[in-house]
Ligand SMILES: NC(=O)c1ccc[n+]([C@@H]2O[C@H](COP(=O)([O-])OP(=O)(O)OC[C@H]3O[C@@H](n4cnc5c(N)ncnc54)[C@H](OP(=O)(O)O)[C@@H]3O)[C@@H](O)[C@H]2O)c1
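In the numbering used here, the protein residues as written are 398 to 559.
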């Protein structure tokens with residue numbers, strides 16, 4: 398399983414159930430990377446999407462404890478165990494963990510790769526991705542050239558589990 402995330406300089410990822418910032422080329426990267434694949438997310442992340450609609454052209458698996466939750470176009474699972482069972486149907490390299498914070502926290506140990514868009518700015522945030530730079534289990538193996546969007550500087554980074 399591969400985690401994909403956009404994180405700020407403090408590993409912040411969201412505020413009030415929204416993204417900290419939208420960077421078009423990062424959104425393009427996210428779309429191109431996950432298209433045709435399986436995306437795993439928490440219920441709050443699904444509800445943060447426009448119209449609370451699942452992502453097109455991807456298998457959307459959503460975690461919730463609510464047994465009555467059944468939005469259209471979504472595969473619902475109610476526990477990590479149920480998710481593990483469901484993921485047996487797919488190649489692990491085709492499964493992307495797309496958030497939010499609670500899902501990253503619970504499932505980062507099951508990932509072998511993390512694709513991190515690292516934004517060189519500290520936003521006000523209330524949700525965070527685990528700090529892979531201070532986790533000895535993770536190694537930064539690749540970083541893009543400096544990218545810019547107006548006054549923002551960011552990098553596409555790849556981390557792998559040691
Ligand atoms: N920067 C990025 O790349 C990025 C990516 C994704 C999300 N985000 C941001 O992250 C924030 C949302 O993160 P979040 O942590 O608040 O919410 P979340 O992880 O998206 O969703 C949390 C919900 O998932 C369900 N859940 C979690 N663990 C579960 C388990 N073990 N079994 C069953 N259900 C489980 C629960 O749903 P129920 O309450 O229905 O039971 C829980 O309330 C937003 O601000 C969003 O914009 C940022």
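Beta carbons are placed, not taken as given, at the ideal position from N, Cα and C, and that holds for glycine.
Within the DSSP bridge table, the entry for residue 456 names 435 as partners. Exposure of residue 462 is indicated by the presence of fewer than 16 other C-beta atoms within 10 angstroms of its C-beta. By the C-beta density criterion, residue 427 is buried, having at least 16 other C-beta atoms within 10 angstroms. Relative to the Cα of residue 522, the nearest Cα in the group 415, 401 and 460 belongs to 415.
Apart from sequence neighbours up to five positions away, the residues of its chain that approach residue 421 with a beta-carbon distance below 8 Å are 546, ordered along the chain. Under the criterion of beta carbons closer than 8 Å, residue 442 and residue 497 qualify as touching, at roughly 4 Å.
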